[in-house]
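Residue numbers for the sequence shown follow the numbering used here, so the first one is 47 and each next one is one higher.
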Amino acid sequence: NEDINVRIEQYLCFDTNYAIIINGDYGIGKTHYIKNNLFPRVKKLLVPNTVKDENFLPILISLFGAKSIEDIQNQIFLKLYPIFKSKGVKIAASLTNSVLKYFGNDLKDILSEAGASGNNLSDYSKILICVDDIDRKSKELNIEEVFGFVNNLVENFGAKVILIANEDELRKEIISDSHNYSLLREKVIGISISFSANVFRIYDEIIQLKY
47 NEDINVRIEQ YLCFDTNYAI IINGDYGIGK THYIKNNLFP RVKKLLVPNT
97 VKDENFLPIL ISLFGAKSIE DIQNQIFLKL YPIFKSKGVK IAASLTNSVL
147 KYFGNDLKDI LSEAGASGNN LSDYSKILIC VDDIDRKSKE LNIEEVFGFV
197 NNLVENFGAK VILIANEDEL RKEIISDSHN YSLLREKVIG ISISFSANVF
247 RIYDEIIQLK Y
């Protein structure tokens, strides 16, 4: 975990236009690592080249059952501004023109209450977006769309993105040509990290923690 932390912290400090993917089998602790190990460190990390000291804001979304890019956009927005979720907001957001449609209440009042404004809704440079369960998305949303969306975030919005997946499952989605997945990820992924469990260390930690 320490080696992974260092690599991700370096990624956050550099000017990049690519994403990171953390690849590993199901149930080995990828999401647990993100929430409990990585996020506490990222929250203490200063965003480079800012006028005043600002820390990164890490958010985690899941593509489990996601059917469209709009589903992903909504999740990101609601993670950034959770007050909208509590008010039952229906969102249709476009990253290309920062359009936000809100139904049922006055948008300006809600934005003010959330401490936001229309000007900073698309400022992704201070956010680390972790996208989990890519391999568990709905079949209605194809992997090409997901990678295209991520590419737009990292190239055009300066976002920092970590994808969390079992890539063996993603490769199965592109059955026609086994090389297509590799070509697809080449355009988006700059760093690939293999996540594996150290069984002996985990066993020792469980014993120490429980007994």
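We treat Cβ as the ideally placed atom computed from N, Cα and C, and that holds for glycine.
Item	Value
Just the C-alpha distance for residue 125 and residue 113, rounded to the nearest angstrom, thanks.	18 Å
Expressed to the nearest angstrom, what Euclidean distance is found between the alpha-carbon atoms of residue 68 and residue 249?	23 Å
Drop a sphere of 10 angstroms on the beta-carbon of residue 245, count the other beta-carbons inside from all chains shown, and report buried for 16 or more, exposed for fewer.	exposed
Taking the runs of the alpha helix (DSSP H) that are 4 residues or longer, which of them lie wholly in the region 174-255?	189-202, 213-219 and 224-232
When you compare only the Cα positions, how much space is there between residue 95 and residue 257?	47 Å
In its own chain, which residues sit with a C-beta less than 7 Å from the C-beta of residue 204, not counting the 5 before and 5 after it?	170 and 171
Taking only the alpha-carbon atoms, compute the straight-line gap between residue 59 and residue 71 and give it to the nearest angstrom.	28 Å
Would residue 50 pass as a contact of residue 243 if the rule is Cβ separation under 7 Å?	no
Let me know if residue 200 comes out buried or exposed under the rule of 16 or more other beta-carbons within 10 Å of its beta-carbon.	buried
Using a Cβ-Cβ cutoff of less than 6 Å, which residues in the same chain neighbour residue 181 once the five nearest sequence positions on both sides are dropped?	211, 212, 215 and 216
Using a 10 Å radius around the Cβ and a threshold of 16 neighbouring Cβ atoms, would you call residue 110 buried or exposed?	exposed
Verify whether the separation of the beta carbon atoms of residue 207 and residue 65 is less than 7 Å.	yes
Taking just the CA atoms, how far does residue 253 sit from residue 198?	45 Å
Looking only at its chain, what residues have a beta carbon closer than 8 Å to the beta carbon of residue 77, apart from the 5 residues adjacent to it on each side?	106, 178 and 210
Which same chain residues, not among the five before or five after residue 104, have their C-beta less than 6 Å away from its C-beta?	85, 88 and 174
Out of 100, 196, 230 and 227, point me to the one whose CA is closest to residue 119's CA.	196
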